[in-house]
Every structure is written in C-alpha cells, then in structure tokens.
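Working notes, beginning with the structure itself.
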Amino acid sequence: MATKFLLVGNGAREHAIAAALCANKNVCLYAYMSARNPGIEALCRSSGGSAALGNIHAPAPIAEWALKQGIEIAFPSPDAVLAAGVSDELIKRGIRVAAPTKAASRIEWDKAFLRQLMEQGRIPGCPKYGFFKQPGELDGFIDSLGGQVAVKPVGLTGGKGVAVVGYQLKDAAEAKAYARAVLTQGIGGAGVIIEEKLEGEEFTLQAFCDGRALIPMPAVQDHKRANVGDTGPNTGGMGAYSGPGHLLPFLTQAQYDEAFKVMQKVARILDLEANIRFSGVMYGQFMLTAKGIYLIEINARFGDPEAVNVLALLQTPLSSVFETISHGGRLSKMKVKFKSEATVVKYLVPTGYPAKAVPPSPLIVDAKKLKSSKAELFYASVDARADGLYTASSRALAILGVGKTIAEAEKKAEAGCSAVAGPVWHRPDIGTKELIEKRIAHIKQLRGK
Ligand code: AMP
Ligand code: GLY
C-alpha cells in the first residue's frame, strides 16, 4: 500500500521535494499550499493524492485537512511554517513529522539562541558578537569591532534583514543607525545582533538529522546578490551550484568535514543543554575565511534553491529518509547516497525583481526546447491561469542542469533558461568558469594578506 505524505509549501524547493518523494512509486503525495504550484499539483494528481490551498501558517486547519486525508508522514517545509508551529500541531494530532518543531526551529528564528548555544558548547566557528535589546551599548560595541560589522535582526526577516558594512551599509555610522532602527522599528522582532564582519567565500552544507545522527549532503554555493558579478541588492537566492565529489572548487574535504562537525555539535548541544531533538533538515551557512570556517547561520529547513541542487543527486529514496527521521533515532543505521555529479540551478526572476517586479505577465515555456536542453524546470512563484502561466512578484522558475562537471551542468541550465520566453531574467554568470576562478582567487588573496 502506498504511504500518504503531506508536503506544506509551494516554492521551487518544495517542487523539488515533491519530485524526489514521487520518485518512489509507493508514495501518494498531498500538498497544502498558499498559492498553486502547477508542478506540485501535477505530482499530487499522478501519485493519487491531492492538493489544497490555504494559509500555510495556520497549524489547525492544516492538521484537520491532513487527518481527513489520512496522512501518515508530513514535511512542513518553509521557515515561517516551522516557526508557526505546524509540525507541533501535526504531531499533537498523531501524524508523524520529518521536520523540526517550533522549539527546534528556534535555531533559525532566534539568531541570539544559536550564538548563545555555540558559546555554551564552545563550538568552533562562532564570530565575535554582541546581542542587544536596548540601544544603550550599541555604539561602543560597534566601535570596539573597528566599525567592521554585520547587523542582524534576531528574528525571521525573509532573508533580507542582515546588513553588512561595505555592502548594504556605508560605514560604522550607518551600521549604528541601522542597528538602532532594527530595535526601534522592531525589525525581525526580538533585538539585534552585531557581529564582526567576516570576509571569505560562503557555502551551504545541509544535513538530514534525526535528533542525534546527522547525514551530510553535497556542499552548495548560493548567489544572493541580484546582478552579475555579485552586485546589486540581496535576493532570496539567484541560483546555486555544487561540484563533483560533493565539494566546491574552493573547498577541501577537510574544510567540509570541519563544517559538518560544527553542525553535529549544534545538534548535540541542542539535545544535551536544551533537551531539544532536532529532526529534519539542518542547513548550515558557512564562510570560509583566511582564519578558517565560520558559521554564519543555521536554518531549520532545506535551502531554496539549494534543495534543488542536492535532491537532483540523491540516490536513496527521500521517502525512506523522511520515514526514518519521522520515526526518530534510526538515521545512524541508514546509508544515504548522493551521486558524485555537479549541479547548476539558475532562477528566472521577473524583470525588476527584487525591488519592483513587473506586473504579472505571460511566461511561455517551449516544451520541446526544454526537453532537448536536458535541463529540468521547477515552478516557484507563478500564477497558473486558464490561459497559461504568468509571473508573480517573486522568483518564477528554477532551471536545473546536472552534469559530470560544473561546466556541463551550467551549459544545460543555460540552455534550459533559453526555453522560457517572457519578462524574466537570470544571472548568466552562475556556475561559469570566470566566476568560479574569481572565488578561488578570492580565497588565495585573503590567505596572502
Ligand atoms: P544571514 O541571514 O545570517 O544568512 O545573513 C545574510 C547574509 O549576510 C549572509 O549570507 C552573508 O552574506 C552576510 N553575513 C551575515 N553575517 C555576516 C558576517 N558576520 N560577516 C560578513 N557577512 C555576513
Ligand atoms: N538560499 C538561501 C536560503 O534558502 O536560505
């Protein structure tokens, strides 16, 4: 008999999760979405399940719907859904869940909690930081770091609340003003963190976790800035790549292992000190600097688009991994395998994104061209109307290329992007030799300083 899975969420990340779940023919998929995702809808239909539209941040109606459908295992996916306590409500109603509870996802929605845990557990990779609820000592602390700081609202801001001197902030004076604004305007809720500014190359390491054991996935590098050459405003992520052998061209196996150890320690300290078992996907955002690896943040979920990269390589059925996690405590006995290939994901976003996307406009996907490109398409924020597909205000489509090398994967992703017509654009530089060489040179230059 097929197992009934519930997926909560409707982005390209969730479309990739849905596709990975449905690769197992014994999965019957149900989805609860805040907007229609045509890709997820089609997978629900073809697997014998169904999709519902509603508020994905309202735990009770989701749990009621899930009970009616006879759901056995649920995966609430986006950060705000976890912070709203959707996992907790499903568990309370007797449904098994492969994602963290509200208390466990606190490592994402409360940046001060994560830093305090790292201090308590003497976990390496913690930058110098200060946590403030009142503006009194802000200026002195920023000065003590020579004005070279990152200013971070403590709570969730959709990934757009952090500002760093030299990027979004001109100087120490602007950092002080922004930190004060975070407090007075209540941006992200509960206070502000000031951190020493780190310089290096960022990468993402995701891991499956059952509360005790962690299984790492291939490392990925995302591209947050909107424009070519890492310029322009921050976005939810314009695309990401992963290299053969689960590493990145600037990242050694030893550095990957070091990052993984940090994540294992975070799970352990959560269990030991806070009595919280983290089950689900743990996402570590790291910065490789001349002084080694630093942990920038932990998320309690898959990355978007990083999920699209790693799930393309997953060889073990995702349904089995979720099943094991939702049972608690047996992941250590499981062999989870990923192919050794490279991936490149490029997001097609509406013209004007992120500041002001063009009004909803038709998007035409040339199915024949897409097929011959050998790229895969995942729906993100689109409006599927009776007369076709339209853009919405956010990232529209994620295009994935897989290959033996990053270059081969990049070529496929580019060919896939050219199969889509409409007022959308993407970063052609993601995954290219030029940009990767720039990353390697950046690390070399920092080391030489
Ligand atoms: P976060 O929301 O914590 O992931 O931060 C968003 C982005 O801000 C990160 O991906 C980094 O690019 C940047 N950032 C965060 N913390 C620091 C830091 N301590 N030094 C430099 N950049 C940072
Ligand atoms: N791609 C960044 C994130 O999902 O947080």
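If you read the sequence shown in our numbering, its first letter stands for residue 11, the second for the next number, and so on. For each residue, glycine too, the CB sits at the ideal point set by N, CA and C. Owing to the predicted nature of the structure, the values given are computational and were not obtained by experimental measurement.
Could you check what DSSP says for residue i in three-state terms: helix, strand or coil?
i      : result
Phe312 : coil
Leu166 : coil
Lys356 : strand
Gly150 : helix
Thr334 : helix
Leu16  : strand
Met297 : strand
Glu351 : coil
Arg106 : strand
Gly458 : helix
Phe142 : strand
Cys54  : helix
Val159 : strand
Met128 : helix
Ile27  : helix
Gly171 : coil
Ala68  : coil
Ala62  : strand
Leu321 : helix
Gly441 : coil
Cys32  : helix
Val272 : helix
Which value, in whole angstroms, describes the spacing of the CA atoms of residue i and residue j?
i      : j      : result
Ala29  : Leu324 : 12 Å
Leu124 : Pro86  : 21 Å
Cys427 : Ile409 : 6 Å
Val272 : Ile133 : 7 Å
Thr13  : Val331 : 13 Å
Gly441 : Val354 : 6 Å
Gln455 : Met344 : 41 Å
Asn237 : Lys356 : 12 Å
Asp240 : Glu74  : 44 Å
Glu316 : Gly411 : 13 Å
Arg405 : Phe151 : 37 Å
Gly140 : Gln126 : 10 Å
Pro372 : Ser391 : 13 Å
Lys421 : Glu283 : 47 Å
Lys180 : Lys349 : 43 Å
Whose C-alpha, out of the options, is nearest the C-alpha of residue i?
i      : options                        : result
Ser56  : Leu179, Gly362, Cys38, Phe288  : Cys38
Cys136 : Ile306, Gly64, Pro88           : Ile306
Glu418 : Ile66, Gly253, Lys381          : Gly253
Lys207 : Gln231, Asn244, Arg190, Gly157 : Gly157
Phe312 : Gly64, Val375, Pro226          : Pro226
Phe15  : Glu333, Ala22, Val430, Glu420  : Glu333
Thr194 : Phe151, Ala217, Lys143         : Lys143
Ser289 : Gln216, Pro360, Gln126         : Gln216
Leu31  : Ile101, Val346, Leu321, Ile105 : Leu321
Lys170 : Ala183, Val192, Pro327, Asp181 : Val192
Ala189 : Gly104, Ile204, Gln178, Val91  : Ile204
Which whole-angstrom value is the C-beta distance of residue i and residue j, which I expect to be below 8 Å?
i      : j      : result
Lys162 : Lys121 : 6 Å
Tyr293 : Ile279 : Not confirmed; about 17 Å, so no contact.
Leu261 : Leu298 : 6 Å
Val164 : Gly198 : 6 Å
Segments of 3+ residues assigned as beta strand (DSSP E) that fall wholly inside the stretch 367-435: Runs of the beta strand (DSSP E) spanning 3 or more residues and lying entirely within the stretch 367-435 occur at 372-375, 386-389, 392-395, 398-401, 407-413, in chain order.
Whole beta strand (DSSP E) elements within the stretch 179-266, 3-residue minimum: 202-206, 211-220, 224-226, 235-237, 241-244, 249-252
Could you give the uninterrupted runs of the alpha helix (DSSP H) lying entirely in the stretch 70-103, keeping only those of 4 residues or more? Annotation note: the stretch 70-103 contains the following uninterrupted alpha helix (DSSP H) runs of length 4 or greater, listed N- to C-terminal: 89-93, 96-102.
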